[in-house]
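One structure is given below, encoded as structure tokens.
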Amino acid sequence: MYKSGDTPDYVAALDIGTTTIRCQIINSRTETVGVAYSAVQLHYPKPGYVEIIPDKLLEEIIKVVKQAVEDAKISISEIKSVGISTQRATFITWKKDSGEYLHNLITWKDLRAVTLIKQVNSAWLTNVVRWAAYFLYLISRNKRYGVGSKLKFCSNHVSIRLLWVLQNIKEAKEAAEKNNLMFGTLETWLIYKLTGGETYVTDISNASATGLYDPFDLDWGIMTNILGIPRNIFPKIVNNDYEFGSIKTHYFGMPIKIGCVMADQSASMFGSCSFYNHDIKVTMGTGAFLDVNTSTNIHPSLNGMYPLIGWKLKDEIVYLTESSCLDAGSLIEWMLNTGFINEPTETADMALKINDTDGVFFIPAFSGLGPPINNEKAATGFIGIKPTTSREHLVRAVLESIVFRVALAYDLLKAERCENYKTIRIDGGVSRNNFICQMLADLTGLAVERQSSEMSVLGVAFLAGITCGIWSDKEQLKEFHETEKVFTPCTSEEYKNACRRNLSEWMVAAYRFKSWYKEN
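For what it's worth, the UniProt record's numbering labels the leading residue of the sequence shown as 1, then goes sequentially.
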């Protein structure tokens with residue numbers, strides 16, 4: 001631990017998101033002393049395809065780390081460890097013997113497999129699994145089987161997109177048959193490249209988000225058998241504080257230890273010090289994710305939420321239950337691109353210029369509607385527009401729709417777990433919007449604590465610092481935890497009732513937009 005008069009140690013925290021690569025240099029006082037950003041260049045070769053060109057991404061990652069070190073005015077040799085946080089469910093395959101990529105990185109937003117998803121979801125084997133699981137659930141009342149009875153593959157799962165690769169890319173299929181295919185989610189590929197091919201692993205938090213992992217058995221699960229995906233293509237699953245090795249000298253002029261690797265939402269939970277049972281954290285980035293720490297207890301939901309591994313450190317394992325809305329920041333970007341707004345920062349003021357939306361509702365279904373509606377064919381749109389509707393009404397309706405989705409996820413969580421929650425910690429770019437944070441507090445009745453920085457970056461910085469001895473354990477990190485602003489729920493019963501009525505009316509509107517698209 002840093003003491004007055006000592007020279008502080010440094011860790012580099014690298015976060016590769018859907019839209020941004022960022023690196024922060026953080027010292028032993030948890031002060032950010034250097035920072036650099038770069039946009040992730042998404043590639044759209046065909047309608048529905050959303051890719052990242054791997055070598056270009058690697059070049060940008062190296063550049064961003066160098067710029068952050070330069071901004072910190074330190075040398076690479078002063079970096080004791082690097083922590084890595086990545087977007088989940090983005091993957092690539094390559095040949096074991098030559099390292100040749102068989103396609104670009106296929107991101108979690110890619111829709112190329114939607115037809116295949118429909119086929120697999122209606123296949124006889126999938127139905128057999130559902131009925132068998134339902135029978136076991138009736139006998140045992142074990143929710144694990146209840147979840148299986150509602151088995152449904154989605155486009156954001158790695159599973160179906162990987163199956164699409166094996167069915168549609170001839171070289172990938174042939175390589176798999178010859179035991180010459182390597183599969184990796186983003187962090188697996190990145191570690192493999194940075195270590196010169198010496199480390200081929202996936203961390204447990206990223207593995208649990210593929211749709212191929214069994215969180216009950218802590219291994220690749222039955223989904224690989226159902227889909228016919230050979231297990232010999234998968235990397236070893238490891239803890240988040242595993243000995244990942246070091247970044248090769250040719251990248252930065254000297255080796256740097258990789259101290260930890262985590263999926264973005266897990267890193268965000270860790271960075272916000274949400275270490276305990278019932279801690280809730282919401283991240284509002286490109287999408288919105290509500291995660292609750294369920295400690296050592298796995299919570300299989302029957303209503304669309306899903307269990308994940310938060311982190312595994314030595315013998316300690318922490319589970320999360322998550323609900324996701326794939327559209328949040330993407331809605332703000334859409335308003336910007338279509339001319340609704342000039343700057344994202346103006347949206348809160350626009351919403352507060354008026355008392356309500358004048359009966360206008362917006363349904364944010366660019367990626368379908370998740371729990372509790374669960375409809376992938378829903379349409380996006382406004383309803384209730386009148387001659388008196390202004391731009392401010394439309395903008396406020398969009399912002400409210402983001403909050404409604406998160407509030408519904410919280411309602412679902414509370415109904416399933418019947419716990420007394422006290423606060424919601426919130427981070428991500430969209431959380432900078434005061435209107436959204438206050439409305440979330442009013443709808444949930446909980447204090448909303450906005451964190452002072454990007455929590456996924458801080459999470460891997462914390463864990464990397466622990467693995468290299470800068471900090472002793474995660475309990476010590478609570479000393480450095482900061483809350484930028486607290487939004488307290490309104491105490492007026494009349495106002496709270498009005499908020500809940502609006503949410504109920506929004507639900508009615510959302511059901512009008514269900515199943516608009518007959519085919520995916």
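Glycine included, each C-beta is placed from N, C-alpha and C at the ideal position.
Apart from the 5 residues on each side of it in sequence, Arg22 sits with its Cβ closer than 6 angstroms to the Cβ of Asp15, Tyr37 in its chain, given in chain order.
Scanning Lys173, Pro387, Ile363 for the CA closest to the CA of Ala378 turns up Ile363. Take the alpha-carbon of Ser324 and the one of Ala407: they are about 11 angstroms apart. Bounds of the alpha helix (DSSP H) holding Gln119 are 114-121. For Arg501, the number of other beta carbons within 10 angstroms of its own is below 16, and it is reported as exposed. Here Ser159 is not near Leu194, since their CB atoms are 8 angstroms or more apart.
The criterion of a C-beta distance shorter than 8 angstroms is satisfied by Asn293 and Ser274. Judged by their CB atoms, Ala263 and Ser205 are nearer to each other than the 8 angstroms cut-off.
In the DSSP secondary-structure assignment, Arg141 is not bridged to any residue. Fully contained in the region 341-397 are the following alpha helix (DSSP H) runs of length 4 or more, in chain order: 347-352. Under the DSSP definition of a beta bridge, Thr286 lacks any partner. Contact between Asp241 and Thr467 is confirmed by a C-beta separation of about 5 angstroms, below the 8 angstroms threshold. The Cβ neighbour count for Asn104, taken over all protein chains shown within 10 Å, is at least 16; the residue is labelled buried. Under the DSSP assignment, Ile466 falls in the alpha helix (DSSP H) whose first and last residues are 455-467. Under the rule that a run must span 4 or more residues, the alpha helix (DSSP H) segments found entirely inside the region 48-92 read 54-72.
The alpha-carbon of Ile436 is positioned some 10 angstroms away from that of Asp442. Judged by beta-carbon spacing, Thr296 lies within the 8 angstroms limit of Ile317, meaning their Cβ atoms are closer than that value. Excluding the 5 residues flanking it on each side, Tyr410 has same chain C-beta neighbours closer than 7 angstroms at Leu290, Thr444, in chain order. Distances from the alpha-carbon of Val82 to those of Asn303, Asp356, Ile470 put Ile470 closest. When the alpha-carbon of Leu136 is set against those of Asn127, Thr126, Gly148, Leu125, the nearest one is in Gly148.
Distance between Leu102 and Ser155, taken at the CA atoms: about 20 angstroms. In the structure shown, Thr210 adopts coil according to DSSP, grouped into three states. Around the Cβ of Asn303, a 10 Å sphere holds fewer than 16 other Cβ atoms; the residue is exposed. A direct Cα-Cα distance of roughly 15 angstroms separates Tyr495 from Ile354.
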